[in-house]
Amino acid sequence: MFRKMLRGVSVVVLTSAAFALPSAATAAPQVSDSAARAVSAAPTVVYGPYASFEVCWVVGNQGQQAGQWQSFFCAQNGTTSWWLFTTP
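What the sequence shown shows, in mature numbering (1 follows the signal peptide of the UniProt record, and there is no 0), is residues -27 to -1, 1 to 61, in sequence order.
Laid out in structure tokens, this is it:
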């Protein structure tokens, strides 16, 4: 009986201590440069439609090589055509 009561008290004390101490979850988040770029790398421009994935990829690669956008991907986006999504 005494062990159960002691265990219950220790759980309450530990739980209370967890709320009293600052933790990583409550601390101000540190955002790295790569994380900031990943958030800002959401597709902003869509080109298309293209007849095939290959055509879409070639256009995306040419634009990336020319410095028009940082990254790209091709997707059907719920259609039978292919669409080019680019990031600045």
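Note that beta-carbon positions come from the ideal geometry of N, C-alpha and C, so glycine has one too.
Query                                                                                   : Result
Residues near F58 by beta carbon distance below 6 Å, same chain, minus five either side : P16, V19 and F46
C-alpha gap between C29 and Q35, whole angstroms                                        : 10 Å
Limits of the beta strand (DSSP E) - the one that W55 falls within                      : W55 to T60
Same chain, Cβ closer than 7 Å to Q38, five either side skipped, listed in chain order  : none
Secondary structure of G33, DSSP reduced to three states                                : helix
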